[in-house]
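**Student:** Residue numbers (the working numbering): 1 to 137. Just so you know, even glycine gets a beta-carbon here, dropped at the ideal spot from N, CA and C. Quantities reported herein were computed from a predicted structural model and do not represent experimental measurements.
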Ligand SMILES: [Zn+2]
Ligand SMILES: [Zn+2]
């Protein structure tokens with residue numbers, strides 16, 4: 001079942017679309033690393049990994065910021081909301097879409113958690129997902 005999804009920043013200046021052969025092609029994961037924590041302003045980041053060809057901006061031009069660990073995040077220069085991110089190795093292959101920027105993320109359910117070693121002790125593991133201490137293990 002191919003699907004078409006749309007997403008946007010808070011002020012609607014940045015809008016994008018996603019075209020996937022299947023909802024399974026969007027791999028959503030939580031990340032508890034300190035970089036995501038800082039960028040998202042919450043205790044974890046939640047993104048959906050999609051092939052770069054599936055992602056297209058429909059309106060607006062993102063501002064980009066590459067931080068010291070090589071992660072680039074694209075965001076709206078008006079409202080400041082993040083739309084997607086990618087590390088150096090993924091830059092020409094994948095986009096990690098900020099889950100909450102999707103208009104209807106209900107089809108995109110998380111499959112795993114990364115950097116569980118940094119998960120705060122009051123945050124339970126989500127049962128039934130894979131759990132990695134860092135990225136690889
Ligand atoms: Zn905006
Ligand atoms: Zn992270």
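(1) Whole angstroms is fine: what's the gap from residue 137's alpha carbon to residue 16's?
(2) Thinking just about the alpha-carbon of each residue, which of 3, 51, 36 is nearest to the one in residue 93?
(3) Tell me, which residues are paired with residue 28 by DSSP?
(4) Between the Cα of residue 129 and those of 117, 112, 27, spot the shortest distance and give me the residue it belongs to.
(5) Output needed for residue 4: all residues of its chain with C-beta closer than 6 angstroms, excluding positions within five of it in sequence on either side, in chain order.
(6) Could you tell me which residues DSSP pairs with residue 34 in its beta bridges?
(7) May I ask you to report which of helix, strand or coil DSSP gives residue 7?
(8) Taking a contact to mean a Cβ-Cβ separation below 9 angstroms, would you say residue 66 touches residue 75 in this structure?
(9) For residue 99, count the other beta carbons within 10 Å of its own beta carbon; 16 or more makes it buried, fewer makes it exposed. Which is it?
(10) Near ligand 2, which residues have their beta-carbon less than 6 angstroms from any of its heavy atoms, given in chain order?
(11) Measure the alpha-carbon distance for residue 23 versus residue 122 and round it to whole angstroms.
(12) Measure the Cβ-Cβ separation of residue 110 and residue 30 and say whether it is below 9 angstroms.
(13) Cβ atoms of residue 71 and residue 7: under 9 angstroms apart, would you say?
**Tutor:** In short, the structure shows the following:
(1) In the chain shown, counting from the first residue as 1, residue 137 sits at position 137. In the chain shown, counting from the first residue as 1, residue 16 sits at position 16. Low confidence applies to residue 137: its pLDDT is 45, below 50, so where it sits in the model is not reliable enough to give any reading.
(2) Locating residue 93 in the chain shown gives position 93, where the first residue counts as 1. Nearest C-alpha to residue 93: 51.
(3) Looking up residue 28 in the chain shown gives position 28. Looking at the DSSP assignment, residue 28 forms a beta bridge with 48, 110.
(4) Taking the first residue of the chain shown as position 1, residue 129 is located at position 129. The shortest CA-to-CA distance from residue 129 to any of 117, 112, 27 is the one to 112.
(5) Residue mapping note: residue 4 aligns to position 4 of the chain shown, counting from 1. Same-chain partners within the cutoff: 19.
(6) The sequence position of residue 34 within the chain shown is 34, counting from 1. None; residue 34 has no bridge partner.
(7) By one-based count along the chain shown, residue 7 stands at place 7. The answer is strand: DSSP assigns residue 7 an E or B state.
(8) The count along the chain shown starts at 1 and reaches residue 66 at position 66. The count along the chain shown starts at 1 and reaches residue 75 at position 75. Contact flag unset, no.
(9) Along the chain shown, one-based indexing puts residue 99 at 99. Its Cβ being crowded by 16 or more others within 10 Å, residue 99 is buried.
(10) Around ligand 2, the residues whose beta-carbon falls short of 6 angstroms from at least one of its heavy atoms are 31, 33, 35, 36, 45, 115, given in chain order.
(11) Indexing the chain shown from 1 puts residue 23 at position 23. Indexing the chain shown from 1 puts residue 122 at position 122. Going from the Cα of residue 23 to the Cα of residue 122 covers about 31 angstroms.
(12) On the chain shown, residue 110 is found 110 positions in, with the first residue counted as 1. On the chain shown, residue 30 is found 30 positions in, with the first residue counted as 1. Yes, the Cβ-Cβ distance between residue 110 and residue 30 is below 9 angstroms.
(13) Sequence index remark: in the chain shown, residue 7 carries index 7 (1-based). Sequence index remark: in the chain shown, residue 71 carries index 71 (1-based). In this structure, residue 71 does not lie closer than 9 angstroms to residue 7 by Cβ.
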